[in-house]
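*Asks:* Structure incoming, see below.
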Amino acid sequence: MLGLMQNQPLMISSLIEHANRHHGEEEIVSRRVEGDIHRTSYRQVAQRARQVAHALDALKLAFGDRVATLAWNGYRHLELYFGVSGTGRVLHTLNPRLHPDQIAWIANHAQDQVLCFDMTFLPIIKAIQGKATSIRHFVALCDADKLPADTGIAGLTSYEAWIAPHPTTYAWPDFDENSASSMCYTSGTTGNPKAALYSHRSTILHAFAGSMPDALNLSARDSVLPVVPMFHVNAWGLPYAGAMTGAKMVFPGPAMDGKSIFELIESEKVTFAAGVPTVWQMMLAHMQAGNLRFSTLRRTVIGGSACPPAMITAFNDDYGVEVLHAWGMTEMSPLGTVCTLKNKHLDLSPDDKMKVRLKQGRGLYGVDMKIVDPDGKELPWDGRTFGDLLVRGPWIIRDYFNAEGPSPLVDGWFPTGDVATIDADGYMQITDRSKDVIKSGGEWISSIDVENIAVAHPGVAMAACIGIKHPKWDERPIIAVVRKPGAQVSREELLAFYEGKIAKWQIPDDVVFVDAIPLGGTGKMQKTKLREQLRDYVLPGV
Ligand code: AMP
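For the sequence shown, the residue numbers in my numbering are 700 to 1241.
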């Protein structure tokens, strides 16, 4: 017997219509490429998303056709989020930090038909023109009078001229909620990039789950700053969750430096911000140098790579901001776990609370996790035993878009490529990417643990731990370190700093000071590149 509830498909268009109806006056604030601050509202975003819908119809794009963006976080990008998906086309967010050849490869693989880009990225457009052969229309995200005459791009229109002739009303279609809504390619550090293809249903369920109190705890009283880019995994779903909850949205545009981000947090009374550790590192350095304080910021979600304890302490103790450590992947829309305390943890000492907060957190409802040994046998949730982490759930991929090989699933579970422990309370902790694991004398060393200690040293800005071949121990860890400006920390001082913090055999054999650690397009340390840079390196005494 079927239930007698209305069978209303979960549509992305319903998010912006909800925000329009219930939070129409709520502000959407963006720092633009031009540097100025632009203000709009959910009502206007809804109207202009409907104009985008008409503009796409006028191009005679088919249902499911891909409309790509190469854009910073801003109101026009938000309008495309709703306008493109709302009509049944697929929003494809391209990552401008990739090499133009890679962008062209991705655009061809996705068969993008339209590309909307911020003027900052004009050089990329020029480089891919003629190579990205499926793209039929280029739209510059700017005012009509800001479009230079001599771009050399055939048929280029400005976004404002493109949408202006169209009405601000539109009858959003209803269709199968499992239809594709947006797509994002993984960084492709191994082989060609692969695309996660999200659906209306997965996106809305993810927005529900992400807004919950023990996840990001979003509400109509929040002012939300996604520093995480809208070009990578839909800015962790915040544009959708923001519309669902009616939160004010604040978009940083291209200005991600510590000063600009801090100023935006203060001027727009931001209560909640999201970003990768490297972004917060820059902002904390700016605040420390100027002895600055937050007036409104209450929580910040940090993920994408492990959040060092020193950062959690700085936010919490020095600035009174709660850090939500979170973990996820492009293939997971991306939210998998968020670290929030349970009732039983509230009376713990600050040190013991920190031990919990350092973990990547508990699975959201909808995300099922398990850890397995190399034979696929499930391992216990004891907080000590580590194994390969597998996940399943309604916003986790079952296959990649137009993939050549078989589905990545193993008995219905997606192998994350991360190695983790899970404790009896369900808190998951990543010890490594499986390809970064260091094996020494038959024992595994967590590179994240070794890095966390280094960055707790006041003279260290960034640290990456890698394994180096060793004739006796198989591999030994070394730590590559970027000093803070003006800091004098020496090799001996840093090695001594490890004493008593981890077992002796886990302490790195050496410290290599470097000017910079290579970062990928999404701000993650690229250890393969670092290993290449250090390929002639020889361990002391070997
Ligand atoms: P991406 O698909 O580019 O977002 O990368 C996903 C990968 O980033 C995960 O599989 C993890 O290896 C890593 N990652 C994400 N969040 C965290 C975190 N909080 N701690 C450690 N690693 C993380």
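The C-beta atom is built at its ideal place from N, Cα and C for all residues, glycine as well.
Values in this document were obtained by computation on a predicted structure and should not be read as measured data.
Could you give the distance in angstroms between the alpha-carbon of residue 1214 and the alpha-carbon of residue 957?
*Replies:* 20 Å
*Asks:* What's the C-alpha gap between residue 837 and residue 856?
*Replies:* 7 Å
*Asks:* In the structure shown, what three-state DSSP assignment does residue 1167 receive?
*Replies:* The DSSP-derived three-state label of residue 1167 is strand.
*Asks:* If you follow the alpha helix (DSSP H) that residue 1049 is in, where does it begin and where does it stop?
*Replies:* 1049-1056
*Asks:* Hey, how far is the Cα of residue 846 from the Cα of residue 816?
*Replies:* Near 12 Å, if we compare the C-alpha coordinates of residue 816 and residue 846.
*Asks:* Taking 6 Å as the limit between beta carbons, can you name the residues of its chain near residue 906, skipping five residues before and five after?
*Replies:* 936, 939, 940, 943, listed in sequence order.
*Asks:* Give me the DSSP bridge partner(s) of residue 1069.
*Replies:* 1089
*Asks:* Counting C-beta neighbours from all protein chains within 10 Å, is the total for residue 720 16 or more, i.e. buried, or is it exposed?
*Replies:* exposed
*Asks:* Out of 1096, 1075, 1162, which has the shortest C-alpha to C-alpha gap to residue 1087?
*Replies:* 1075
*Asks:* Would DSSP call residue 955 helix, strand or coil?
*Replies:* Looking at residue 955 - three-state DSSP - the assignment turns out to be coil, as it is neither helix nor strand.
*Asks:* Can you tell me the Cβ-Cβ gap for residue 1118 and residue 1085, rounded? I've got them flagged as a contact below 8 Å.
*Replies:* 6 Å
*Asks:* Taking the CB atoms as reference points, tell me whether residue 1188 and residue 1158 lie closer together than 8 Å.
*Replies:* yes
*Asks:* Below 8 Å on the Cβ atoms is my guess for residue 716 versus residue 745; work out the distance and round it to an integer in Å.
*Replies:* Between residue 745 and residue 716 the Cβ distance is about 7 Å, and since that is below 8 Å, they are a contact.
*Asks:* What's the call for residue 1199, buried or exposed, on a 16-neighbour Cβ count within 10 Å?
*Replies:* exposed
*Asks:* Taking only three categories from DSSP, how would you classify residue 941?
*Replies:* helix
*Asks:* How far does the alpha helix (DSSP H) with residue 987 in it extend, from its first residue to its last?
*Replies:* 976-989
*Asks:* Can you tell me the Cβ-Cβ gap for residue 880 and residue 711, rounded? I've got them flagged as a contact below 8 Å.
*Replies:* 5 Å
*Asks:* According to the Cβ coordinates, are residue 914 and residue 1034 closer than 8 Å?
*Replies:* yes
*Asks:* Apply the 10 Å Cβ neighbour rule to residue 738 and answer buried if 16 or more other Cβ atoms are within range, or exposed otherwise.
*Replies:* Here residue 738 is exposed. Its C-beta has fewer than 16 other C-beta atoms within 10 Å.
*Asks:* Just checking my contact of residue 1229 with residue 1165 at CB under 8 Å: how many whole Å lie between their CB atoms?
*Replies:* Contact flag correct, Cβ pair sits at about 6 Å.
*Asks:* Looking at residue 914 and ligand 1, is the gap between the Cβ and the nearest heavy atom below 7 Å?
*Replies:* No; taking the cut-off as 7 Å, the Cβ of residue 914 has no heavy atom of ligand 1 nearer than that.
*Asks:* Residues in the same chain with beta-carbon distance under 7 Å from residue 1115, minus the five sequence neighbours each way, listed in chain order, please.
*Replies:* 1028, 1088, 1089, 1090
*Asks:* What are the uninterrupted segments assigned as alpha helix (DSSP H) that are 4 or more residues long and contained completely in the region 1162-1215, given in chain order?
*Replies:* 1190-1197
*Asks:* Leaving out the 5 sequence neighbours to the left and right, which residues in its chain are closer than 7 Å to residue 1156 when beta-carbon positions are compared?
*Replies:* 1188, 1193, 1196
*Asks:* Roughly how many angstroms separate the alpha carbons of residue 892 and residue 1240, rounded to a whole number?
*Replies:* If you take the alpha carbons of residue 892 and residue 1240, they lie about 40 Å apart.
*Asks:* Taking only heavy atoms of ligand 1 into account, decide whether any of them is closer than 7 Å to the Cβ of residue 885.
*Replies:* yes
*Asks:* When the Cβ atoms of the region 791-806 are set against those of the region 753-761, are three or more pairs found closer than 8 Å?
*Replies:* no
*Asks:* Taking all protein chains shown into account, do 16 or more other C-beta atoms lie within 10 angstroms of the C-beta of residue 987, making it buried, or fewer, making it exposed?
*Replies:* Answer is exposed; the Cβ neighbour count stays below 16.
*Asks:* Please go through the region 725-798 and give each complete alpha helix (DSSP H) segment of 4 or more residues, from N-terminal end onward.
*Replies:* 741-757, 774-785
*Asks:* On the DSSP letters alone, give me the boundaries of the alpha helix (DSSP H) that residue 1094 sits inside.
*Replies:* Note, residue 1094: premise wrong, no alpha helix (DSSP H); not H, not E.
*Asks:* Check the C-beta distance from residue 1026 over to residue 1059 and give it rounded, since I have them as a contact under 8 Å.
*Replies:* 4 Å
*Asks:* Applying the 10 Å Cβ sphere with the 16-neighbour rule, what's the burial state of residue 1269?
*Replies:* There is no way to answer for residue 1269, as the model of the chain reaches only from 700 to 1241.
*Asks:* Starting from residue 948, follow its DSSP beta bridges and name the residues at the other end.
*Replies:* Residue pairing from DSSP places residue 948 in a beta bridge opposite 727, 923.
*Asks:* Nearest-angstrom Cα distance between residue 963 and residue 822?
*Replies:* 28 Å
*Asks:* Are the CB atoms of residue 771 and residue 732 nearer to each other than 8 Å?
*Replies:* yes
*Asks:* Give the DSSP bridge partners of residue 1114, in chain order.
*Replies:* According to DSSP, residue 1114 bridges with 1089.
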